[in-house]
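Okay, so the sequence shown: first residue is 209 according to our numbering, each after it adds one. All C-beta atoms, glycine included, are put in the ideal place defined by N, C-alpha and C. Working notes, beginning with the structure itself.
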Amino acid sequence: MGRYKGYRPIAAKAKKIREYWALKNRPRDSQRYEVDYEKMTRAFTGKRLPVLAWEDVRNENRLFTLLSRLHLFGIGRMVTRKSWIWEYDEPCYWVITKVKLDYTAEKMEHGKAWGYLTFRGKPENEEKEIDKVMYHDWRMVPKHEEEAFKKFNPPVEEEKIRYVLYPPLLRAMILAQRQKEGKSTEEQLLDLEPAVHLLNASPGNQAEGTPV
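Have a look at this one:
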């Protein structure tokens with residue numbers, strides 16, 4: 209049976225002190241995510257950035273790089289991401305409601321921000337902290353384009369083609385067979401609908417094919 213260990217106030221106090229200093233000495237986001245743009249590495253860890261991200265790091269902006277240029281740090285403005293614009297047809301954006309800036313960061317490029325998210329045209333009613341603010345793919349929606357950016361016109365679906373002509377060689381074979389059997393040589397069309405069902409059906413449930 210294990211020995212009972214009672215409450216040790218000195219050990220508990222020492223643990224709290226260690227946790228306090230660990231929290232106090234924790235590097236800030238401005239230190240962790242600082243980028244050496246010449247070497248394309250993280251200045252704090254020395255890790256090299258992915259090659260595919262180099263173009264965005266050079267040409268795109270972090271969220272706080274955009275907000276630091278605006279009145280009241282962009283509260284009330286609409287921001288989106290390049291990756292959202294490329295990936296989704298529906299509008300995706302944040303509306304900034306609150307900003308907590310890290311004034312110790314160089315050029316004030318770091319901090320925390322909150323807002324309301326609209327993702328793929330579906331707005332959320334709960335205010336949330338904006339994630340991935342350190343990514344280099346944020347874009348500001350111009351104020352005169354905000355209403356147009358919110359609107360979404362779904363693309364018109366193209367009419368599906370149900371019947372097509374047989375391939376030339378197969379068409380000639382079918383016509384020759386029908387002439388030989390004395391049947392009508394009226395032009396036949398290939399129905400595409402059964403082919404879709406046959407591809408999704410299990411082998412045991414497929415009907416036996418009819419030879420041509």
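C-beta contact flag for residue i and residue j at 8 angstroms
i, j, result
"residue 346", "residue 335", "no"
"residue 348", "residue 274", "yes"
"residue 309", "residue 287", "no"
"residue 299", "residue 360", "yes"
"residue 326", "residue 301", "yes"
"residue 249", "residue 240", "no"
"residue 291", "residue 317", "no"
"residue 393", "residue 378", "no"
"residue 324", "residue 307", "no"
DSSP-derived helix/strand/coil call for residue i
i, result
"residue 393", "coil"
"residue 264", "helix"
"residue 216", "coil"
"residue 234", "coil"
"residue 277", "coil"
"residue 388", "helix"
"residue 401", "helix"
Residues bridged to residue i (per DSSP)
i, result
"residue 306", "322"
"residue 365", "In the DSSP output, where bridge partners are listed per residue, residue 365 has none listed."
"residue 330", "327"
"residue 297", "In DSSP, residue 297 forms no bridge with anything."
Cβ distance (whole Å) where residue i is taken to contact residue j below 8 angstroms
i, j, result
"residue 344", "residue 265", "5 angstroms"
"residue 373", "residue 400", "So it is not a contact: roughly 11 angstroms between Cβ atoms."
"residue 320", "residue 337", "6 angstroms"
"residue 305", "residue 283", "7 angstroms"
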